[in-house]
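See structure below.
In this note's numbering, the protein residues as written are 51 to 723.
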């Protein structure tokens with residue numbers, strides 16, 4: 051267990067245009083950095099030719115880190131292969147849906163290739179033998195943002211056939227479950243299994259995607275077993291999970307089952323990148339943190355985030371501090387920048403680090419140093435923040451894949467939005483209202499720790515999950531489910547009864563018609579809910595049985611047909627959103643519903659963001675962030691507290707004034723003088 055907040059950067063002395071190791075270490079120490087991550091990107095440096103190993107540069111960095119009292123995370127260098135390996139095994143590069151990859155980029159090889167596995171294991175073991183005696187190494191990162199790289203090689207597809215044989219005892223069962231009779235796809239023998247790249251069958255294609263995610267799980271677990279042969283009991287094992295990428299971290303990663311992979315780790319890690327300047331909202335920090343915190347239901351490490359980052363992301367003054375403490379407020383125990391110094395060549399030359407290309411102690415370095423000093427001073431108060439949230443939002447790779455195959459658009463159209471757009475629609479509404487949430491996987495079946503369970507587009511839902519949701523609501527839980535929930539089973543086979551399958555009593559409705567909205571708005575007779583709300587992408591024509599109607603459609607034909615409902619079921623209640631609509635209206639709907647189920651609204655809303663938890667000293671910690679250029683005043687209930695940044699006592703319920711891009715951290719002390 052960590053005994054201090056970690057703060058640092060990825061460091062690559064081998065990328066430097068000239069020697070400056072001692073200077074870098076001195077600058078890191080002066081800035082309060084106590085951590086670097088090294089080694090994960092430089093296989094070709096450690097093994098420039100097949101079987102020729104040279105860890106000279108690595109030892110120099112480790113020895114310097116020990117002299118300066120800086121801790122080190124070692125990354126296994128397996129995510130970017132050296133040129134000689136691609137030359138030795140031309141088929142080591144991934145054979146994908148679009149053909150063979152070519153050497154040059156990273157993460158474009160076949161994880162299943164036996165030659166790759168042999169050499170990857172060899173470099174890991176050589177590395178571990180070389181570093182095992184350094185006291186400064188506190189943990190190991192397995193690979194880097196690992197995904198299956200769409201491997202579709204004959205070897206991988208043969209492994210997939212074996213995967214199917216374990217899940218379906220006969221081809222007849224497979225034919226029946228996947229509906230292979232359609233377009234004459236039925237198999238007569240396992241050896242007739244076709245190349246998956248040509249399939250039009252969503253069940254078959256989605257199962258292969260699940261298999262590809264399994265390859266990542268197996269690969270990380272394989273590396274963990276090797277590392278365990280060398281590491282000390284006090285050294286942790288982590289991985290830097292990433293998210294769906296839209297030139298920043300956006301949504302649930304579709305290509306890895308992160309909740310399964312995390313079982314191979316002692317502590318979860320993540321990489322969170324986001325826009326800055328006027329576009330800094332903090333929503334990505336909260337969303338990514340909720341996933342990372344949920345992976346092991348514990349604190350986590352931010353192993354990569356930006357200092358200056360991508361073009362257009364240079365932080366305004368104070369934003370770097372705001373970002374760093376926002377990570378802590380979500381439960382992070384570590385903030386680590388990618389990277390220490392800006393790189394002078396290759397594709398990431400303009401992805402700038404803590405230091406710019408001239409290596410000077412510039413404005414970003416100076417602000418980073420204030421963070422380092424505060425992290426060191428306040429570590430005992432801010433580390434291991436524990437959060438108990440009332441809201442759980444369920445994510446599902448199976449549902450995500452299902453929506454990929456059957457998007458909310460007409461066949462042949464390019465979807466404007468995907469699963470993650472709708473997921474963030476839900477998550478960001480809770481964020482704006484300052485209702486903190488946890489993210490849980492679709493393998494969860496016990497929701498009793500939460501007042502509210504939210505199911506965003508749970509398109510693929512097995513029977514036992516549907517049963518668990520019914521049980522939860524019937525016994526006093528509360529539910530929000532969106533359109534397309536409960537439509538198919540775990541293999542994307544559509545349930546042959548009223549939708550949403552198995553939830554018609556719980557939700558108090560059914561439907562069998564849906565369409566694309568054209569000039570459709572929402573109307574409500576409830577005073578607290580706005581009307582005239584535009585509907586986009588998808589609309590279900592709901593038929594309530596016992597549900598109360600909150601919104602109806604306004605349209606020449608679909609007029610007055612229910613769109614959003616509230617139902618009481620057993621001791622609980624359930625809201626159903628039958629369409630996608632404006633985010634501000636969703637905020638209003640949540641503001642209307644949450645107090646009814648004893649989830650109070652804190653009062654402040656975005657750009658004022660509040661976070662809270664209990665620290666290791668047993669005190670309530672409350673963060674207040676201003677994500678705007680304008681001064682903000684916070685009027686909310688709090689006990690007498692100490693402002694941790696400046697040490698001042700804050701009287702009970704005193705309004706708090708936050709300058710632009712500023713924050714306050716209160717540690718509540720009811721008996722403080």
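Every residue, glycine too, gets a C-beta built ideally from N, C-alpha and C. Keep in mind it's a predicted model, so treat the numbers as computed, not measured.
Using a 10 Å radius around the Cβ and a threshold of 16 neighbouring Cβ atoms, would you call residue i buried or exposed?
{"i": "residue 449", "result": "buried"}
{"i": "residue 109", "result": "exposed"}
{"i": "residue 399", "result": "exposed"}
{"i": "residue 541", "result": "buried"}
{"i": "residue 697", "result": "exposed"}
{"i": "residue 155", "result": "exposed"}
{"i": "residue 46", "result": "Only positions 51 to 723 of the chain appear in the structure, and residue 46 is not among them; the question remains open."}
{"i": "residue 437", "result": "buried"}
{"i": "residue 190", "result": "buried"}
{"i": "residue 683", "result": "exposed"}
{"i": "residue 299", "result": "buried"}
{"i": "residue 95", "result": "buried"}
{"i": "residue 595", "result": "exposed"}
{"i": "residue 371", "result": "buried"}
{"i": "residue 631", "result": "buried"}
{"i": "residue 202", "result": "buried"}
Taking the alpha helix (DSSP H) that residue i belongs to, which residues open and close that run?
{"i": "residue 618", "result": "Residue 618 -> not in any alpha helix (DSSP H); beta strand (DSSP E) instead, spanning 612 to 619."}
{"i": "residue 207", "result": "204 to 217"}
{"i": "residue 676", "result": "Element bounds for residue 676: not the alpha helix (DSSP H) but the beta strand (DSSP E), 670 to 676."}
{"i": "residue 109", "result": "106 to 118"}
{"i": "residue 522", "result": "513 to 524"}
{"i": "residue 87", "result": "That residue, residue 87, is in no alpha helix (DSSP H); its beta strand (DSSP E) goes 85 to 88."}
{"i": "residue 361", "result": "First-last for residue 361: undefined, no H or E at that position."}
{"i": "residue 486", "result": "Residue 486 -> no alpha helix (DSSP H), and no H or E assigned at all."}
{"i": "residue 507", "result": "Looking at the DSSP string, residue 507 is not in any alpha helix (DSSP H), and its letter there is neither H nor E."}
Taking residue i as part of the beta strand (DSSP E), name the residues at either end of that continuous run.
{"i": "residue 683", "result": "682 to 684"}
{"i": "residue 497", "result": "Unbroken run through residue 497: none, as it is neither H nor E."}
{"i": "residue 477", "result": "No beta strand (DSSP E) holds residue 477; the alpha helix (DSSP H) holding it covers 469 to 482."}
{"i": "residue 553", "result": "Note, residue 553: premise wrong, no beta strand (DSSP E); not H, not E."}
{"i": "residue 532", "result": "528 to 532"}
{"i": "residue 230", "result": "That residue, residue 230, is in no beta strand (DSSP E); it is neither H nor E in DSSP."}
Per DSSP, which residues does residue i bridge with? Please list them.
{"i": "residue 403", "result": "According to DSSP, which records beta bridges pairwise, residue 403 is partnered with nothing at all."}
{"i": "residue 641", "result": "Residue 641 is not bridged to any residue."}
{"i": "residue 75", "result": "Per DSSP, none; premise fails for residue 75."}
{"i": "residue 57", "result": "385"}
{"i": "residue 594", "result": "559"}
{"i": "residue 599", "result": "615"}
{"i": "residue 355", "result": "387"}
{"i": "residue 577", "result": "According to DSSP, residue 577 bridges with nothing at all."}
{"i": "residue 66", "result": "DSSP, once it has assigned bridges, lists no residue as partnering residue 66."}
{"i": "residue 564", "result": "590"}
{"i": "residue 222", "result": "Residue 222 is not bridged to any residue."}
{"i": "residue 664", "result": "436, 670"}
{"i": "residue 629", "result": "589"}
Please name the residue, chosen from the options, that lies closest to residue i on a Cα-to-Cα basis.
{"i": "residue 663", "options": "486, 183, 54", "result": "486"}
{"i": "residue 616", "options": "543, 655, 531, 607", "result": "531"}
{"i": "residue 268", "options": "310, 227, 294", "result": "310"}
{"i": "residue 474", "options": "492, 444, 455", "result": "444"}
{"i": "residue 229", "options": "239, 254, 241, 72", "result": "254"}
{"i": "residue 378", "options": "75, 76, 674", "result": "674"}
{"i": "residue 572", "options": "610, 595, 563", "result": "610"}
{"i": "residue 92", "options": "410, 636, 129", "result": "129"}
{"i": "residue 495", "options": "507, 489, 516", "result": "516"}
{"i": "residue 297", "options": "319, 360, 315", "result": "360"}
{"i": "residue 152", "options": "136, 304, 422, 333", "result": "136"}
{"i": "residue 87", "options": "385, 592, 446, 371", "result": "385"}
{"i": "residue 470", "options": "482, 457, 462, 463", "result": "457"}
{"i": "residue 467", "options": "555, 461, 477, 453", "result": "453"}
{"i": "residue 144", "options": "195, 204, 231, 99", "result": "204"}
{"i": "residue 282", "options": "187, 78, 395", "result": "187"}
{"i": "residue 461", "options": "566, 354, 177", "result": "566"}
{"i": "residue 499", "options": "176, 513, 522", "result": "522"}
{"i": "residue 278", "options": "119, 316, 264", "result": "316"}
{"i": "residue 440", "options": "647, 168, 585", "result": "647"}
{"i": "residue 416", "options": "250, 83, 276", "result": "83"}
Would residue i pass as an interface residue toward chain B - the criterion being a Cβ-Cβ separation below 9 Å?
{"i": "residue 685", "result": "Looking for chain B here will not work: only one protein chain is present."}
Let me check you understand the geometry: is the CB of residue i closer than 8 Å to at least one non-hydrogen atom of the ligand MG?
{"i": "residue 55", "result": "With respect to the ligand MG, the structure offers nothing, as it holds no ligand at all."}
At 4 residues or longer, what runs of the alpha helix (DSSP H) sit wholly inside the stretch 253 to 333? Qualifying alpha helix (DSSP H) stretches, in chain order: 308 to 311.
Ignoring anything shorter than 4 residues or poking outside the stretch 123 to 206, list the alpha helix (DSSP H) runs there in chain order. DSSP assignment within the stretch 123 to 206 yields the following whole alpha helix (DSSP H) runs of 4 residues or more, N-terminal first: 133 to 138, 164 to 181.
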